[in-house]
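Listed in order, the protein sequences are those of chains Y and W.
Be aware that the first sequence starts at 1, since it is given in our numbering, and climbs by one per residue.
Be aware that the second sequence starts at 344, since it is given in our numbering, and climbs by one per residue.
As structure tokens, the structure follows; a few thoughts come after it.
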Amino acid sequence: MVSNFGLFLTRRAINAVITIILLLALVFALLHILVPSPQAMARIITGNPRASPGALAAIIKANDLDAPVYVQFFRYVSQIFHGDLGTDTIYHVPEIQIMKEYLPITLELVVIGQIIGVLIGLYTGAIAAANRNRAPDYGMKALYLTTWSAPVFLVGFVMQLVVAYWLNLLPATGVVNPTLPPPAAVTGAPLSDALIAGNWVYFWSALQHLILPAFAIAVVGFGLVTRIGRASMIDALDRDYVKLAYMKGLSKGKVVWGTAFRNAMIPIITLVALLFAFSVGGAVIIEDVFAYHGMGYFTVQAIYNDDYPAILAFTVITGIAVILANFVADILYAMADPRVRLT
Amino acid sequence: MGLSSIFDHMIRRPIRATGQSAVKTGATTTKKREVKEGASFYLEYIRKDKLALTGAIIIGAFMVFALLEGIMQELASVLKQPSLGWRFLPTNPLALTFNLQFEPPSLARFPANILGTNYEGQSILSRILYATPHDATASVIVVGSAILIGMFLGTASGYFGGWIDEIMMRLTDAFLALPALVLAIAVAVLIGGGFTALLYALMIIWWPTYARFFRAQALTLRNKGYVEAAKLNGSSSLKILVRHIIPNSVDPIIAYATLDMGTVILTYAGLAFLGIGVSSGYPEWGAESAAGLQFFPLQWWYSIMPGVVIAVIVIAFTLIGDRLQDLIGGRTTY
């Protein structure tokens, strides 16, 4: 069994690497189809639309932009695998340095938002399934169809307006109270750093700032979990072992939450990876609305500044993060449901 | 596993008739033969559900108005009479009237003020209505092109299989690894500004899901008896694809496509919110909301009202799509 799992793991890992290379090929192909000439590409790398022909020629030479496409592609892939994502045209530092600073903040936000969203989704999905075609089912459906259809920024605005400005419960914008001295950077993410350093004042402030954007991400994303969770729960509730549990005289709550729920959760694991991609996309707008200075906020600034290398670096990093999330989800799935290892 | 399994899971369901309904219709076939396809069947099916009917009315009104407004704007630019562009609107959406600045939503000056006015004193309702052609065009063109491209690539890869299929599927994997919004940002920024550039960007990134759908359909259909029969009959692959596979795979796509038109409007609004594809002098829905950000929360309606309008339109699409999905999934039967 162990070797079987090892084989499965290796195959998934190879698959993930191939998908990452194809992702790079995709970004590279789009880049070269949309920006065919070396001069235009050099302009993108400098970030200076009025660069002199001499300066452009130097950049073309330095980056081998007039080399055959396959040479450029191998160069591009090897650069990315060496952690070279280009140089930012505004801050004049390597993109990877900027990503190191901002990525943990966004990841923390997205992961926490995702956990909240999945919990809401599982709970509402199970309630809807247990009360199939009755009022709670329709109520849940109305709820998730509405949140699902609302634009991300509207969710952010409404939460800010109600919670931060009318009720005055939480701060509306920012990552943390800027007057507080930050703890030593270990992970780079404010909440976990404060936790590691034991700096509770900072932790409390960061947590307060995190709640609204994290809930905004959760609210926008939980509908998919509710929908698939409901279907999978209904499927589980029709199984013989659930009927057996009822026959044994267990209460409805025990059957729904104890027996059916655990089995219904398995398909959700794969869904979480899909949702992760969606949440990272949504985080760009959420961070803009809440002025939460993570990678999304940085990307919005890059859009305003025509900072193409930053946008491309963000695209590649997001893609790789999503592929890795998929990989982890596959492994978790195999752990939860040993049957899939055979395929 | 992974994304592909989710999509396959979403698709591989019995088409239209479930066992139950088959039994029911089987009993009544002698009396009246139910027509279970065609536009009239779908319309009749939607009409039987109040929510879906509401959605259909909203979307119908939206599309008709967008068409009229679009024609008027074209006429205005062709005849060089800008006022034609706002003939159907309560007020001029582009004129600066600072004396009416920041009026909250009210019934005064009905209907111009129901969503309030913005910093320039323009009626937010007028501006939103003025921008309808862009959103309607985006939803129809992006989903339409995605269906066409996906149909061509997906059906071919599913039907022929082999290495073409393998490459296609890994390519769609790579596309689907990127959130639509992020990929659209990267492509739109590279193509350059403007509405058309944004349309192209969305068209480039939108087809992979549909390729998956059509591939899954082709995989199940290629082993059907009538396809075998056509093969034995000596039909060419092209003829089999065009005559048998494609017509039979379109139906399950309709529900998803309806939902997806809402998603296109959401993505489009998100991009416009970030200032991508926005041209000056044209009030995009997302851009309107972003413009209100600096006056938030005091003049809250400036950024919230455009969002509410987007939500209403997308919910309407969702209601129709959800209803159609019930029909295709066979969960509701008549």
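All residues carry an ideal CB built from backbone N, CA and C; glycine is no exception.
Take the Cβ of residue i as the centre, count every other Cβ of all protein chains shown within 10 Å, and call the residue buried at 16 or more, exposed below.
| i | result |
| --- | --- |
| V186(Y) | exposed |
| Y308(Y) | buried |
| S500(W) | buried |
| D240(Y) | exposed |
| M75(Y) | The sequence shown places Arg at residue 75(Y), rather than the Met named in the question. R75(Y) should be labelled exposed. |
| E108(Y) | buried |
| S466(W) | buried |
| V69(Y) | exposed |
| F203(Y) | buried |
| H477(W) | buried |
| N566(W) | exposed |
| I112(Y) | buried |
| L584(W) | buried |
What residues from chain W crowd round residue i, counting only those whose CB sits closer than 8 Å?
| i | result |
| --- | --- |
| Y304(Y) | G618 |
| L30(Y) | A529, V530, L533, I547 |
| I323(Y) | A520 |
Less than 9 Å between CB atoms is the rule here; does residue i satisfy it with respect to chain W?
| i | result |
| --- | --- |
| F314(Y) | yes |
| F157(Y) | yes |
| N326(Y) | yes |
| A277(Y) | yes |
| S149(Y) | yes |
| I116(Y) | no |
| D137(Y) | no |
| L34(Y) | yes |
| V27(Y) | yes |
| L154(Y) | yes |
| L145(Y) | yes |
| L207(Y) | no |
| D235(Y) | no |
| Y308(Y) | yes |
| T299(Y) | yes |
Does residue i have its Cβ less than 9 Å from a Cβ in chain Y?
| i | result |
| --- | --- |
| T368(W) | Reliability fails at T368(W), whose pLDDT of 44 lies under 50, so the model's placement of it is uncertain and the value that follows must be treated cautiously. Chain Y contact via Cβ: absent. |
| S632(W) | yes |
| V485(W) | no |
| I358(W) | Summary for I358(W): the model assigns pLDDT 43, below 50, so the residue's position carries little reliability, and this model does not support an answer. |
| G413(W) | no |
| G501(W) | no |
| A395(W) | no |
| T373(W) | In this predicted model, T373(W) has a pLDDT of only 44, less than 50, meaning its place in the structure is not dependable enough to derive any value. |
| S646(W) | yes |
| S364(W) | Confidence at S364(W) is low in this model, with a pLDDT of 42, below 50, so its placement is unreliable and the value that follows should be read with caution. Taking Cβ atoms only, chain Y never reaches closer than 9 Å to S364(W), which makes this a no. |
| Y662(W) | What sits at residue 662(W) in the sequence shown is Leu, not Tyr. Closer than 9 Å: yes. |
| G650(W) | yes |
| D516(W) | yes |
| L636(W) | yes |
| V657(W) | yes |
For a contact defined as C-beta to C-beta under 8 Å, what are the partners of residue i on chain Y?
| i | result |
| --- | --- |
| L524(W) | G281, G282, V284, I285 |
| R513(W) | I18, T19, L22 |
| F639(W) | F157, Q160, L161 |
List the residues of chain W whose Cβ lies closer than 9 Å to the Cβ of residue i, in chain order.
| i | result |
| --- | --- |
| F222(Y) | Those within 9 Å of F222(Y) in chain W number zero; the least Cβ separation is about 15 Å. |
| G121(Y) | Chain W residues near G121(Y): none, gap ~15 Å exceeds 9 Å. |
How would you list, in chain order, the residues of chain Y whose beta-carbon sits under 7 Å from the beta-carbon of residue i?
| i | result |
| --- | --- |
| F556(W) | What F556(W) touches in chain Y: nothing, since even the nearest Cβ is about 15 Å away. |
| P626(W) | None at all; the shortest Cβ gap to chain Y is about 16 Å. |
| L609(W) | P151 |
Note down, in chain order, every chain W residue with its Cβ under 7 Å from the Cβ of residue i.
| i | result |
| --- | --- |
| I311(Y) | I528, A529, V532 |
| G319(Y) | A520, L521 |
How do the region 79-92 of chain Y and the region 287-295 of chain Y stand: do at least 3 beta-carbon pairs fall below 8 Å, yes or no? With the cut-off at 8 Å, the region 79-92 of chain Y and the region 287-295 of chain Y do not touch.
When the Cβ atoms of the region 111-124 of chain Y are set against those of the region 220-239 of chain Y, are three or more pairs found closer than 8 Å? As far as the Cβ criterion goes, the region 111-124 of chain Y touches the region 220-239 of chain Y, which means the pair count is three or higher.
Inter-stretch contact (C-beta, 8 Å, three-pair minimum) for the region 270-285 of chain Y and the region 491-507 of chain W: The answer is no - the region 491-507 of chain W does not touch the region 270-285 of chain Y, with fewer than three Cβ pairs under 8 Å.
Answer yes if the region 597-604 of chain W comes into contact with the region 616-631 of chain W, meaning at least three C-beta pairs across the two stretches below 8 Å, and no otherwise. As far as the Cβ criterion goes, the region 616-631 of chain W does not touch the region 597-604 of chain W, which means the pair count is below three.
How about the region 643-661 of chain W and the region 128-141 of chain Y: do they share at least three Cβ pairs that are nearer than 8 Å? The region 643-661 of chain W vs the region 128-141 of chain Y: no contact.
At 4 residues or longer, and completely inside the region 448-507 of chain W: list those alpha helix (DSSP H) runs for me, N to C. When DSSP assignments are scanned along the region 448-507 of chain W, the uninterrupted stretches of alpha helix (DSSP H) that are 4 or more residues long and fall wholly within it turn out to be 467-473, 475-503.
Runs of alpha helix (DSSP H) lying entirely within the region 4-83 of chain Y, each at least 4 residues, in chain order: Taking only runs of at least 4 residues, the alpha helix (DSSP H) segments lying wholly in the region 4-83 of chain Y are 38-46, 53-62, 69-81.
Pairing CB atoms from the region 167-175 of chain Y with CB atoms from the region 150-157 of chain Y, are three or more of them under 8 Å? Not touching, per the Cβ criterion.
For the region 566-574 of chain W against the region 533-544 of chain W, are there 3 or more C-beta pairs whose distance is under 8 Å? With a cut-off of 8 Å on Cβ pairs, the region 566-574 of chain W is not in contact with the region 533-544 of chain W, counting fewer than three such pairs.
When you compare the region 658-669 of chain W with the region 389-403 of chain W, are there three or more beta-carbon pairs, one atom per stretch, that lie closer than 8 Å? By the Cβ criterion, the region 658-669 of chain W is in contact with the region 389-403 of chain W, since at least three pairs of Cβ atoms, one from each stretch, lie closer than 8 Å.
Completely contained alpha helix (DSSP H) runs for the region 132-208 of chain Y, where each covers 4 or more residues: Segments of the alpha helix (DSSP H) lying fully in the region 132-208 of chain Y: 135-149, 152-159, 190-197.
At what residue ranges does the region 219-259 of chain Y contain a whole run of the alpha helix (DSSP H), taking only runs of 4 or more? Whole alpha helix (DSSP H) segments, 4+ residues: 240-247.
Uninterrupted beta strand (DSSP E) stretches inside the region 617-677 of chain W (no shorter than 3 residues): Restricting attention to beta strand (DSSP E) runs no shorter than 3 residues, the region 617-677 of chain W encloses none.
Inter-stretch contact (C-beta, 8 Å, three-pair minimum) for the region 19-39 of chain Y and the region 506-520 of chain W: In this structure the region 19-39 of chain Y touches the region 506-520 of chain W; the number of beta carbon pairs closer than 8 Å is three or more.
Would you call the region 92-105 of chain Y in contact with the region 304-319 of chain Y, where contact means no fewer than 3 C-beta pairs closer than 8 Å? These segments touch.
Take every Cβ of the region 32-40 of chain Y, pair it with every Cβ of the region 54-68 of chain Y, and state whether three or more of those distances are shorter than 8 Å. Yes: the two stretches touch, three or more of their Cβ pairs being nearer than 8 Å.
If we count Cβ pairs, one from each stretch, closer than 8 Å, do we get three or more for the region 452-465 of chain W versus the region 434-444 of chain W? Look at the beta carbons and you see the region 452-465 of chain W touching the region 434-444 of chain W: at least three pairs across the two are nearer than 8 Å.
Taking one C-beta from the region 207-218 of chain Y and one from the region 170-182 of chain Y each time, how about it: are there three or more such pairs within less than 8 Å? In this structure the region 207-218 of chain Y touches the region 170-182 of chain Y; the number of beta carbon pairs closer than 8 Å is three or more.
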